[in-house]
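Q: Residue numbering for the sequence shown follows the numbering used here, starting at 2 and increasing by one per position.
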Amino acid sequence: MMNPTQLLSLYRSMLLIRYTEEGISDRYREEGQRMRCPVHLCTGQEAAAVGVCAHLHTEDGLFGAHRSHGHYLAKGGDLQKFVDELYGMESGCCHGRGGSMHLIDRQAGFMGATPIVGDTIPLAVGAAWAGQRRGDGSLAVIFFGDGCFEEGVLHESMNFAALKGIPVLFVCENNNYAVYTQLKQRQPPRTIRGVAEAHGIPVLHADGNDIQAVWQVAGQAIDHIRQGKGPFFLELFTFRLREHCGPEDDDHLGYREPGELAGWLQQSPMERAVALLRQMGVGQEEITALEAEVKQSVDHAFAQAKQGQPAVAERASEGVFAAVQAVPPLAPEEGATHTLSVAQAIREATAQAMAIHSELFIIGEGVPDPKAIFGTTQNLLSEWGAERVLDMPLAENGMTGICIGAALRGMPVVMVHQRIDFLYLAMDQLANVAAKWHYLFAQSVPLVVRTLIGRGWGQGPQHGQSLQALFAHIPGIKVVMPVTAQDAKGMLLAAIADPNPVLFIEHRWLHTITGEVPTAPYQVSLQHARWARRGQHLTVAAFSYMVLEALRAAEVLASYGIELEVIDMRVVQPLDMSLVLESVQRTGYLLVADTGWQSFGVAAEVLARTAEAAFAALQAAPRRLALPDHPLPTAPSLTHDYYPDAESLVRTVLDMLQGKFKVNPEEVAARLHRHGHRDIPNAQFTGPF
């Protein structure tokens, strides 16, 4: 049982939340509408946040969601920075970039709140897993509502937490509504905690408006976790008194049961806490003085916020990426080298990175299996053990979020998705979380996602896509596509050392390509394109496997006196145009060859930037060579002409240079024509696996 001193401290926190939410409600419609962000008030749910947070240490991480003002304040988040953020001030906790729905105070252990339902659940699991791996004794807590219980990512996260015995507390604030929809309209007649229990996680439930009851069950749950017994699940029944989004009451809308709001008002956590204080012998005068003190501090915070400096517009584009130390140019002549395939180079880079970064781990479906993802993870398990070389459940979104959560604790991660097509399942975590985290919260996300383009041998429309343009379109994710063995090793080592999320795209047909690779660890910049061949007549900017096709075409054209300048566009985001623009100034012609679809792709971006920056240098319309705008078929007869190659590249080049060289296009093309199956790179390629 708690004593009066403890309860007074908890009541102070509850007052801070209630007065802050009321302050928002009272001021939201003020003249000038200076508080210009959506607000999801937690008025009526104060006891749930405070009762749980009372048992947490500063180093324990707490993650929230869209309705997390109370969680932020209960964990000790800075009140002034929170209110400043609501008003869009430079001094806000996100410098005006996040508003009410994006909050953070790492010094207090509030690790972040975001508004996409379910997004932060795997982050909490990942952060707690990082603490478990380090043995630092910390835990993590994630708050969410009953509506979130319908999100698949929650169940993916609970499954992994139970599997690994991760020290994380799941707290469901069950207020019976997801926006305006009642629980009984969304879920079958069973308890939420019962489903959590089916995941193998112990559960408790309590009246979420009874501060003492919440404090007691939270204490039991957190004691369980601190004893190393794994995750725990709390279901707390509570009720929001305001509208879903906004500062008003909304009972007039009629979505609640008749008398439901009135009944919950009689169960207010504030009045019940006061009644309990009086039962414990605390005088009304002391309670009133405490209320006045907290109210004054909240009013002062709002007054101060209005005097602040608005977020600086000139800095709006800053912070998309964390700063990276410059990578010195590689000097291949220095030190020993050996011949490796691209797959072997990736494997060597991973092994060397494991030696350099003691906390680094690699995880993915099939990472430790005998085929070792085309040899790229061969023998890593035997060298580094099962704690650092891990398989994972078939849960792409949840597991990606868990890896992001570990990265947020400063633990570098290499995650492998065997096909880039699978990243559609992880898009939410990559696009909404990893890509935006540093911009919002100035916190690094040292995550490398290795993924493969699975071309050929009947891979078909859901295993053979080339989606670099999709991810390059999202600010905050670096996208690289190495072609050579030397680049594969150096760029992977650079990606692992990079504090930003990096999508490392490997083309399956490149895995067997060999080259000389320095034996020692080294890095290749993730900022620059590469000269693949120098020439004077036409510029070819090529991505991934199309670099090899361009070089094949260049070799044949050279015998006719036509010199192509081939640029390896190995860095897709941030896109390096410097070599392209330099080359076009000399050649006057540009052809972009891409492995993705023609429309709205990276080839189109290169053409657009060239037209904007070097239009006067162009002697003819720039062209692009890419996939036709339809999904990849499976049958060989349907894929025969699907992929552009050296032959189609030559035909395009000669069409662009029409009249400048007396060359028979059919004669040149015939030298590059591939007979037989064209859905394999060579006769030795006997299948995708």
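A virtual CB, placed ideally from N, CA and C, is assigned to each residue, including glycine.
Values in this document were obtained by computation on a predicted structure and should not be read as measured data.
Can you give me the C-alpha to C-alpha distance between residue 188 and residue 255, rounded to a whole angstrom?
A: The count along the sequence shown starts at 1 and reaches residue 188 at position 187. The count along the sequence shown starts at 1 and reaches residue 255 at position 254. Distance between the alpha carbons of residue 188 and residue 255 is about 21 Å.
Q: Check for me: the beta strand (DSSP E) holding residue 574 runs from which residue to which?
A: Residue 574 sits at position 573 when you count from the first residue of the sequence shown. Residues 572–574.
Q: Could you name the residues that DSSP lists as bridge partners for residue 643?
A: Here residue 643 corresponds to residue number 642 of the sequence shown, with the count starting at 1. Answer by DSSP bridge pairing: none, since residue 643 is not bridged.
Q: Are there 16 or more other CB atoms within 10 angstroms of the CB of residue 12, so buried, or fewer, so exposed?
A: Position 11 of the sequence shown, counted from the start, is the residue given in the question as residue 12. Counting C-beta atoms within 10 angstroms of its own C-beta, residue 12 has 16 or more neighbours from the protein chains shown and is therefore classed as buried.
Q: Might you give, ordered along the chain, the residues of its own chain that have their beta carbon closer than 8 Å to the beta carbon of residue 675, omitting 5 neighbours on each side?
A: Start at 1 with the first residue of the sequence shown, and residue 675 comes out as number 674. Cβ neighbours of residue 675 beyond the five flanking positions: 646, 648.
Q: Helix, strand or coil for residue 90 per DSSP?
A: Sequence index remark: in the sequence shown, residue 90 carries index 89 (1-based). Strand.
Q: Our contact map puts residue 232 next to residue 162 with C-beta atoms below 8 Å; I'd like the distance itself, whole angstroms only.
A: Indexing the sequence shown from 1 puts residue 232 at position 231. Indexing the sequence shown from 1 puts residue 162 at position 161. Rounded, the Cβ-Cβ distance is 4 Å, consistent with contact.
Q: What residue does the beta strand (DSSP E) around residue 591 start on, and which one ends it?
A: Here residue 591 refers to the residue found at position 590 of the sequence shown. Element bounds for residue 591: 591–598.
Q: For residue 73, is the classification buried or exposed, using 16 other Cβ atoms within 10 angstroms of its Cβ as the cut-off for buried?
A: Mapped onto the sequence shown, residue 73 falls at position 72. If you draw a 10 Å sphere on the C-beta of residue 73, you find 16 or more other C-beta atoms in it, and that means buried.
Q: Short check: CB of residue 40 to CB of residue 303, under 8 Å?
A: If you number the sequence shown from 1, residue 40 lands on position 39. If you number the sequence shown from 1, residue 303 lands on position 302. In this structure, residue 303 does not lie closer than 8 Å to residue 40 by Cβ.
Q: Taking the CB atoms as reference points, tell me whether residue 57 and residue 78 lie closer together than 8 Å.
A: Within the sequence shown, the letter at position 56 stands for residue 57. Within the sequence shown, the letter at position 77 stands for residue 78. No, Cβ-Cβ distance for residue 57 and residue 78 is not below 8 Å.
Q: DSSP has residue 415 in a bridge; who is on the other side?
A: Reading the sequence shown from its first residue, position 414 is the one you call residue 415. Answer is 363, 449, bridged to residue 415.
Q: Thinking just about the alpha-carbon of each residue, which of 92, 542, 129, 436 is nearest to the one in residue 403?
A: As a first step, residue 403 must be located in the sequence shown, where it is residue number 402. For residue 403, the nearest C-alpha among the options comes from 129.
Q: Taking only the alpha-carbon atoms, compute the straight-line gap between residue 550 and residue 650 and give it to the nearest angstrom.
A: Here residue 550 refers to the residue found at position 549 when the sequence shown is read from its first residue. Here residue 650 refers to the residue found at position 649 when the sequence shown is read from its first residue. Whole-angstrom Cα-Cα distance: 8 Å.
Q: Are the beta-carbon atoms belonging to residue 605 and residue 626 less than 8 Å from one another?
A: Within the sequence shown, numbered from 1, the residue matching residue 605 stands at position 604. Within the sequence shown, numbered from 1, the residue matching residue 626 stands at position 625. No. Outside cutoff.
Q: Compare the beta carbon distance of residue 241 and residue 176 with 8 Å and say whether it is the shorter of the two.
A: For the purposes of this step, residue 241 is taken as residue 240 along the sequence shown, with counting starting at 1. For the purposes of this step, residue 176 is taken as residue 175 along the sequence shown, with counting starting at 1. Yes, the Cβ-Cβ distance between residue 241 and residue 176 is below 8 Å.
Q: Evaluate contact between the region 475–491 and the region 568–575, counting only Cβ atoms and requiring at least three cross-stretch pairs below 8 Å.
A: yes
Q: Between 380, 145, 435, 426, which has its C-alpha nearest residue 407's C-alpha?
A: Taking the first residue of the sequence shown as 1, we reach residue 407 at position 406. Out of 380, 145, 435, 426, 435 has the C-alpha closest to the C-alpha of residue 407.
Q: Please report the residue range of the beta strand (DSSP E) in which residue 443 lies.
A: Against the sequence shown, residue 443 aligns to sequence position 442. First-last for residue 443: undefined, no H or E at that position.
Q: Please determine if the region 553–562 and the region 511–519 are in contact, where contact requires at least 3 C-beta pairs separated by less than 8 Å.
A: Below 8 Å, too few C-beta pairs join the region 553–562 and the region 511–519 to call them touching: fewer than three.
Q: Any idea what DSSP makes of residue 458, helix, strand or coil?
A: Residue numbering aside, residue 458 sits at position 457 when the sequence shown is read from its first letter. Correct three-state label for residue 458: coil.
Q: Decide if residue 16 is buried, meaning its Cβ has at least 16 other Cβ atoms within 10 Å, or exposed.
A: Taking the first residue of the sequence shown as 1, we reach residue 16 at position 15. Residue 16 is buried by the Cβ-count criterion.
Q: Give the secondary structure of residue 426 by DSSP, where H, G and I count as helix, E and B as strand, and everything else as coil.
A: For the purposes of this step, residue 426 is identified with residue 425 of the sequence shown, where counting begins at 1. Residue state, collapsed to three classes: coil.
Q: Taking the alpha helix (DSSP H) that residue 385 falls in, what are its first and last residues?
A: For this step, residue 385 is matched to residue 384 along the sequence shown. First-last of the alpha helix (DSSP H) with residue 385: 381–385.
Q: Going by the CB atoms, is the gap between residue 91 and residue 311 shorter than 8 Å?
A: Taking the sequence shown and counting its residues from 1, the one referred to as residue 311 is at position 310. Taking the sequence shown and counting its residues from 1, the one referred to as residue 91 is at position 90. Yes.
Q: For the region 136–155 against the region 383–390, do three or more pairs of beta-carbon atoms, one drawn from each stretch, fall closer than 8 Å, so that the two count as touching?
A: no
Q: One question on the structure: do residue 234 and residue 141 come within less than 8 Å of each other, judged by their Cβ atoms?
A: Taking the sequence shown and counting its residues from 1, one reaches residue 234 at position 233. Taking the sequence shown and counting its residues from 1, one reaches residue 141 at position 140. No. Outside cutoff.
Q: Taking the alpha carbon of residue 307 as the reference point, which residue from 661, 25, 603, 10 has its own alpha carbon closest?
A: Here residue 307 refers to the residue found at position 306 when the sequence shown is read from its first residue. Comparing Cα positions, the closest option is 25.
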